[in-house]
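In our numbering, the protein residues as written are 1226 to 1404.
Where a beta carbon is used, it is the ideal one built from N, C-alpha and C, also for glycine.
So the structure is just underneath, and the comments pick up after that.
Here it is, written out as C-alpha coordinates:
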(Lines of atoms letter the chains of each structure in order from A and count residues from 1; the text may use other names and numbers.)
(Lines give C-alpha, C1' and ligand atoms only; values in the text may rest on other atoms or scores of the structure.)
Protein backbone atom coordinates (compact mmCIF):
# COMPACT_ATOMS: atom_id res chain seq x y z
CA UNK A 1 0.00 0.00 0.00
CA UNK A 2 1.34 3.42 -0.93
CA UNK A 3 2.79 5.52 1.85
CA UNK A 4 0.48 8.46 1.21
CA UNK A 5 -2.30 6.39 2.81
CA UNK A 6 -0.23 6.06 5.99
CA UNK A 7 1.06 9.63 6.10
CA UNK A 8 -2.42 11.05 5.57
CA UNK A 9 -3.98 8.73 8.13
CA UNK A 10 -1.45 9.71 10.78
CA UNK A 11 -1.87 13.37 9.82
CA UNK A 12 -5.62 13.09 10.26
CA UNK A 13 -5.12 11.41 13.65
CA UNK A 14 -2.71 14.15 14.72
CA UNK A 15 -5.17 16.88 13.73
CA UNK A 16 -8.05 15.21 15.56
CA UNK A 17 -6.28 13.74 18.60
CA UNK A 18 -2.78 15.21 18.84
CA UNK A 19 0.76 13.99 18.37
CA UNK A 20 0.66 11.94 21.59
CA UNK A 21 -2.08 9.78 20.06
CA UNK A 22 0.02 9.22 16.94
CA UNK A 23 2.94 8.14 19.12
CA UNK A 24 0.67 5.83 21.13
CA UNK A 25 -0.69 4.18 17.97
CA UNK A 26 2.77 3.63 16.50
CA UNK A 27 4.03 2.18 19.78
CA UNK A 28 1.04 -0.13 20.33
CA UNK A 29 0.86 -1.31 16.72
CA UNK A 30 4.29 -3.01 16.62
CA UNK A 31 4.81 -2.01 12.99
CA UNK A 32 7.48 -3.66 10.80
CA UNK A 33 8.22 -0.21 9.35
CA UNK A 34 8.51 1.31 12.81
CA UNK A 35 5.87 3.84 11.75
CA UNK A 36 8.31 5.77 9.57
CA UNK A 37 6.46 6.36 6.29
CA UNK A 38 7.15 8.35 3.16
CA UNK A 39 4.33 9.29 0.81
CA UNK A 40 5.92 7.45 -2.13
CA UNK A 41 7.05 4.35 -0.22
CA UNK A 42 5.20 1.04 -0.28
CA UNK A 43 4.17 -0.70 2.94
CA UNK A 44 2.25 -3.78 4.00
CA UNK A 45 -1.47 -3.03 4.23
CA UNK A 46 -1.65 -4.86 7.55
CA UNK A 47 0.10 -1.88 9.13
CA UNK A 48 -2.86 0.41 8.41
CA UNK A 49 -5.15 -2.29 9.82
CA UNK A 50 -3.13 -2.30 13.05
CA UNK A 51 -3.14 1.49 13.27
CA UNK A 52 -6.90 1.78 12.69
CA UNK A 53 -7.67 -1.06 15.09
CA UNK A 54 -5.61 0.58 17.82
CA UNK A 55 -7.17 3.99 17.15
CA UNK A 56 -10.57 2.34 17.50
CA UNK A 57 -9.56 0.90 20.88
CA UNK A 58 -8.12 4.23 22.06
CA UNK A 59 -11.12 6.33 20.97
CA UNK A 60 -13.99 3.83 21.33
CA UNK A 61 -14.90 4.57 17.72
CA UNK A 62 -15.90 1.61 15.53
CA UNK A 63 -13.34 0.68 12.86
CA UNK A 64 -15.86 1.11 10.00
CA UNK A 65 -16.58 4.68 11.13
CA UNK A 66 -12.87 5.50 11.27
CA UNK A 67 -12.24 4.06 7.81
CA UNK A 68 -15.18 5.93 6.28
CA UNK A 69 -14.03 9.21 7.85
CA UNK A 70 -10.50 8.59 6.63
CA UNK A 71 -11.71 7.78 3.11
CA UNK A 72 -13.62 11.05 2.96
CA UNK A 73 -10.54 12.93 4.16
CA UNK A 74 -8.25 11.06 1.75
CA UNK A 75 -10.36 11.92 -1.29
CA UNK A 76 -9.96 15.61 -0.54
CA UNK A 77 -6.20 15.22 -0.19
CA UNK A 78 -5.86 13.24 -3.42
CA UNK A 79 -8.12 15.64 -5.35
CA UNK A 80 -6.01 18.60 -4.19
CA UNK A 81 -2.75 16.81 -5.05
CA UNK A 82 -3.96 15.65 -8.47
CA UNK A 83 -6.53 18.21 -9.69
CA UNK A 84 -6.17 17.05 -13.31
CA UNK A 85 -8.02 13.84 -12.38
CA UNK A 86 -11.10 15.66 -11.07
CA UNK A 87 -11.13 18.65 -13.43
CA UNK A 88 -12.05 16.53 -16.45
CA UNK A 89 -15.13 15.02 -14.82
CA UNK A 90 -18.47 16.76 -15.23
CA UNK A 91 -19.84 15.46 -11.94
CA UNK A 92 -19.22 12.96 -9.15
CA UNK A 93 -20.76 9.99 -10.93
CA UNK A 94 -18.71 10.62 -14.05
CA UNK A 95 -15.56 10.83 -11.94
CA UNK A 96 -16.34 7.59 -10.10
CA UNK A 97 -17.11 5.85 -13.37
CA UNK A 98 -13.61 6.77 -14.62
CA UNK A 99 -11.67 5.40 -11.65
CA UNK A 100 -10.89 1.96 -13.09
CA UNK A 101 -10.20 2.76 -16.73
CA UNK A 102 -8.55 6.15 -16.41
CA UNK A 103 -7.37 7.04 -12.92
CA UNK A 104 -6.03 3.61 -11.97
CA UNK A 105 -4.30 3.36 -15.36
CA UNK A 106 -2.52 6.66 -14.66
CA UNK A 107 -1.67 5.62 -11.09
CA UNK A 108 -0.07 2.41 -12.40
CA UNK A 109 2.10 4.49 -14.75
CA UNK A 110 3.43 6.45 -11.78
CA UNK A 111 3.56 3.52 -9.36
CA UNK A 112 3.89 0.22 -11.25
CA UNK A 113 3.98 -1.71 -7.96
CA UNK A 114 0.67 -0.23 -6.74
CA UNK A 115 -1.88 -2.90 -5.83
CA UNK A 116 -5.19 -1.24 -6.56
CA UNK A 117 -8.73 -2.51 -6.12
CA UNK A 118 -10.78 -3.22 -9.22
CA UNK A 119 -14.11 -1.61 -10.07
CA UNK A 120 -16.85 -2.61 -12.47
CA UNK A 121 -19.34 0.18 -13.17
CA UNK A 122 -22.83 0.28 -14.64
CA UNK A 123 -25.56 2.92 -14.95
CA UNK A 124 -28.79 1.17 -13.90
CA UNK A 125 -30.87 4.35 -14.21
CA UNK A 126 -30.77 8.14 -14.47
CA UNK A 127 -28.63 9.66 -11.74
CA UNK A 128 -27.42 6.25 -10.59
CA UNK A 129 -24.07 4.51 -10.65
CA UNK A 130 -23.42 0.95 -9.58
CA UNK A 131 -19.83 0.18 -8.59
CA UNK A 132 -18.63 -3.33 -7.82
CA UNK A 133 -15.55 -3.13 -5.58
CA UNK A 134 -13.13 -6.07 -5.69
CA UNK A 135 -10.05 -6.19 -3.48
CA UNK A 136 -8.20 -8.84 -1.52
CA UNK A 137 -7.73 -6.28 1.24
CA UNK A 138 -11.45 -5.71 1.84
CA UNK A 139 -11.31 -2.00 2.61
CA UNK A 140 -14.98 -1.54 1.72
CA UNK A 141 -15.47 1.06 4.45
CA UNK A 142 -12.53 3.09 3.17
CA UNK A 143 -14.00 2.84 -0.32
CA UNK A 144 -17.35 4.10 0.93
CA UNK A 145 -15.59 7.04 2.55
CA UNK A 146 -13.75 7.82 -0.70
CA UNK A 147 -17.09 7.78 -2.54
CA UNK A 148 -18.59 10.11 0.09
CA UNK A 149 -15.57 12.39 -0.25
CA UNK A 150 -16.05 12.48 -4.01
CA UNK A 151 -19.72 13.40 -3.64
CA UNK A 152 -18.77 16.16 -1.20
CA UNK A 153 -16.03 17.46 -3.50
CA UNK A 154 -18.46 17.79 -6.40
CA UNK A 155 -21.28 19.13 -4.20
CA UNK A 156 -23.54 16.23 -5.15
CA UNK A 157 -26.45 15.24 -2.95
CA UNK A 158 -26.61 11.47 -3.21
CA UNK A 159 -27.23 8.33 -1.23
CA UNK A 160 -24.84 5.41 -1.03
CA UNK A 161 -26.32 1.92 -0.67
CA UNK A 162 -24.09 -1.08 -0.03
CA UNK A 163 -24.48 -4.80 -0.48
CA UNK A 164 -22.00 -7.62 0.03
CA UNK A 165 -22.25 -10.00 -2.90
CA UNK A 166 -22.10 -13.80 -2.61
CA UNK A 167 -18.58 -13.83 -4.10
CA UNK A 168 -17.26 -11.43 -1.43
CA UNK A 169 -17.19 -8.34 -3.61
CA UNK A 170 -19.04 -5.22 -2.49
CA UNK A 171 -21.67 -3.43 -4.54
CA UNK A 172 -22.18 0.29 -4.05
CA UNK A 173 -25.16 2.01 -5.62
CA UNK A 174 -24.83 5.77 -5.68
CA UNK A 175 -28.11 7.57 -6.37
CA UNK A 176 -28.16 11.31 -6.92
CA UNK A 177 -30.96 13.07 -5.10
CA UNK A 178 -30.56 16.31 -7.03
CA UNK A 179 -31.39 14.94 -10.49
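Look at the alpha carbon of residue 1286 and the alpha carbon of residue 1314, and state the distance between them as a whole number of angstroms.
-> 34 Å
Can you tell which of 1299, 1333, 1348 and 1265 has its C-alpha closest to the C-alpha of residue 1319?
-> 1348
Under a Cβ-count criterion, where at least 16 other Cβ atoms within 10 Å of its own Cβ denotes burial, should residue 1334 be classed as buried or exposed?
-> exposed
Any idea what DSSP makes of residue 1397, helix, strand or coil?
-> strand
Going by CA-CA distance only, name the one from 1234, 1400, 1378 and 1270 that's closest to residue 1351.
-> 1400
Determine the direct distance from the alpha carbon of residue 1289 to that of residue 1388, and round the result to whole angstroms.
-> 15 Å
Pair within 7 Å by beta-carbon distance, residue 1271 and residue 1228 = The Cβ atoms of residue 1271 and residue 1228 do not sit closer than 7 Å to each other.
Residue 1202 versus residue 1395 - alpha carbon distance = Residue 1202 is absent from the model: the chain starts at 1226 and stops at 1404.
Option nearest residue 1376 by Cα separation, candidates 1310, 1345 and 1300 = 1300
Quick one, are the C-beta atoms of residue 1291 and residue 1280 less than 7 Å apart?
-> yes
Might you give, ordered along the chain, the residues of its own chain that have their beta carbon closer than 7 Å to the beta carbon of residue 1249, omitting 5 neighbours on each side?
-> 1283
Buried or exposed: residue 1337, going by 16 or more other Cβ atoms within 10 Å of its Cβ?
-> exposed
Is the beta carbon of residue 1366 sitting closer than 7 Å to the one on residue 1293?
-> Residue 1366 places its beta carbon less than 7 Å from that of residue 1293.
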